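Heads up: the sequence shown is residues -7 to 286, going by our numbering.
C-beta atoms are modelled at their ideal positions from N, C-alpha and C, and glycine is treated no differently.
Keep in mind that this is a model prediction, so the values were computed, not measured.
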Amino acid sequence: MKRLFTLFIALGLGMSTLSAQIFFNENFEGGMPSGWTVVTAATDGGWLVGNSGDLSSSSFPIPDNGGQFAATNDDGCGQVCDKLNDILVLPAVDLSSVSELVWGFEADLADLTYQGVVENAYVSYSLDGGTTWTNLFELSGNPTDWQTITVDLTPLVGNAAVTLGFRFSDNGGWLYGYAIDNVLVYKPYDYDVKLDLNAVNRFNLLNATIPFSGKITNNGLQTVTSLDITWTDGVNNYTDPLTGLNIAPGGSYNFTHSTPLDVASAITYDIEIEASNPNGQPDGFNTNNPLPQK
């Protein structure tokens, strides 16, 4: 007889009590953040906040990201809609006393061409209150899923008034769109590893063997040569001490834990997984581990 069990997985946040210098930390669950503004000539209002059902269209279906996000949808706005310069503008920040800064977020972008015109999406900045904008980084598309983007903002430190923005251009055509979520602007630590777990089915057959795998991203300033990956069911802990690594700042490493979960009983398993102890040091910023989709 086939039996199913329910699996719930969380990503552990570690035990470090260090606090990061965070300038922005936004997931849009409360709507458009206070102080954020929109530059647009589009008839639909440009950048909007909602969920996948609210903001998707037939040619720009935005994957569900577990809640609300911000997006500008050129396809849904129509063929004559003007999204030549759609900017979601963050409040200005003082970076005069900051030495390093990182801008991280999740993005959904097709980056496709239609009728000979290509769309572009950028992270941009202004040093004159939004009068003029400079593109700092251009995104590449992934038409089928969200991607994690990390941008080094160190070239902007030392300025007393920096305005950051997410900029989309349809270049005068009728294109697709640009969606963003989980925006985080912060001063990086020497050691900061981010764990992204590959999706695991919530319901599985009795006696199944379930491996845990994913990606470790080094968001810190130092190269990571070792770390621990631990999962627990609340009773037993299983730790893989990984050594001989060479994860440069901004680099990543794919892993599969050596101990899978053996489904011995038709019960709910509460599983927590964490990456810790990069180079034997505390993870300085341990709240950047989003839950996986299930």
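Roughly how many angstroms lie between the CA atoms of residue i and residue j, to the nearest whole one?
i    : j    : result
N271 : P241 : 13 Å
Y230 : V216 : 21 Å
D188 : I208 : 6 Å
L234 : G96  : 26 Å
D100 : I54  : 7 Å
I265 : I259 : 19 Å
S268 : D220 : 5 Å
N57  : N228 : 31 Å
Name the two residues that bound the continuous alpha helix (DSSP H) containing residue i.
i   : result
G68 : D66 to C69
D46 : S44 to L47
Quick one, which of the options has its alpha-carbon nearest residue i's?
i    : options                   : result
E111 : N163, A63, S118 and W138  : N163
L47  : V109, W28, V31 and G169   : G169
A33  : V41, N43, G22 and C73     : C73
M24  : N246, T64 and D182        : T64
N199 : P252, N238 and G42        : P252
N238 : R159, S44, N210 and D56   : N210
G22  : K179, R159, A62 and S88   : A62
D137 : L167, W223, I172 and V30  : I172
D66  : I79, G150, Y261 and S250  : I79
G68  : G165, V175, D182 and Y261 : G165
L295 : N43, L213 and A256        : Beyond the ends of the chain as shown, which are -7 and 286, falls residue 295; an answer cannot be given.
Which stretch, first to last residue, makes up the beta strand (DSSP E) that contains residue i?
i    : result
Y230 : N229 to L234
D184 : That residue, D184, is in no beta strand (DSSP E); it is neither H nor E in DSSP.
G226 : No beta strand (DSSP E) holds G226; DSSP gives it neither H nor E.
V94  : V94 to L101
V175 : G169 to Y178
N210 : S205 to N210
N17  : I14 to E18
N246 : S244 to T248
N151 : Per DSSP, N151 belongs to no beta strand (DSSP E) and is neither H nor E.
Quick one: what's residue i bridged to in DSSP?
i    : result
V41  : A62
I79  : V31 and R159
S50  : BP columns for S50 are empty, so no partner.
L237 : Beta-bridge pairing links L237 to no other residue.
G130 : In the sequence as presented, Gly is not what sits at residue 130; that position holds Glu. BP columns for E130 point to Y114.
Q139 : A99
Y57  : Before going further, note that residue 57 is Asn rather than Tyr in the sequence given. Its beta-bridge partners do not exist; DSSP assigns none.
D275 : DSSP lists no partner for D275.
- Could you tell me whether the region 96 to 109 touches the region 124 to 143, using the rule of 3 or more Cβ pairs below 8 Å? yes
- Would you be able to state if there are at least three C-beta pairs under 8 Å between the region 116 to 129 and the region 78 to 96? yes
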